[in-house]
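Asker: Before I ask anything, here is the structure I am working with.
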Amino acid sequence: MDNRSWDTFCTCLITLGVISCFMGGAGLLFSNEFHPVPFFIVIFGIVIIWVGVKVYRWSKEDDKKE
Numbered sequence: 088m089d090n091r092s093w094d095t096f097c098t099c100l101i102t103l104g105v106i107s108c109f110m111g112g113a114g115l116l117f118s119n120e121f122h123p124v125p126f127f128i129v130i131f132g133i134v135i136i137w138v139g140v141k142v143y144r145w146s147k148e149d150d151k152k153e
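Just so we're aligned: 110 in this note's numbering is position 23 of the sequence shown, and the numbers increase by one with no gaps anywhere.
What follows is the structure, given as structure tokens:
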């Protein structure tokens, strides 16, 4: 894939992670008792953001090599 498609892919991953963190955070904030599902949604969002940033950095390093 070219550089532009990697940037779009990483942007989509990071956006999905941020939305997931907000949804899980709202679930944790507005529930009266602790439920594990929103907690895991927040963890999933953080992992997705981390993967998006790693892939973005990898694509930029790969561009510098060429």
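By construction, the Cβ of each residue, glycine as well, lies at the ideal position given by its N, Cα and C atoms.
How many whole angstroms separate the CB atoms of VAL129 and CYS108, which I take to be in contact at a CB cut-off of 8 angstroms?
Answerer: 5 angstroms between Cβ atoms; contact.
Asker: Distance, Cα to Cα, VAL142 vs PHE131?
Answerer: Their Cα atoms are separated by approximately 16 angstroms.
Asker: What three-state label does DSSP hand SER107 in the structure shown?
Answerer: Here SER107 sits in helix by DSSP.
Asker: Assign SER92 to one of three DSSP states: helix, strand, or coil.
Answerer: Looking at SER92 - three-state DSSP - the assignment turns out to be helix.
Asker: Out of LYS151, ILE133, HIS122, which one is the CA nearest neighbour of VAL105?
Answerer: The shortest Cα separation from VAL105 among LYS151, ILE133, HIS122 belongs to ILE133.
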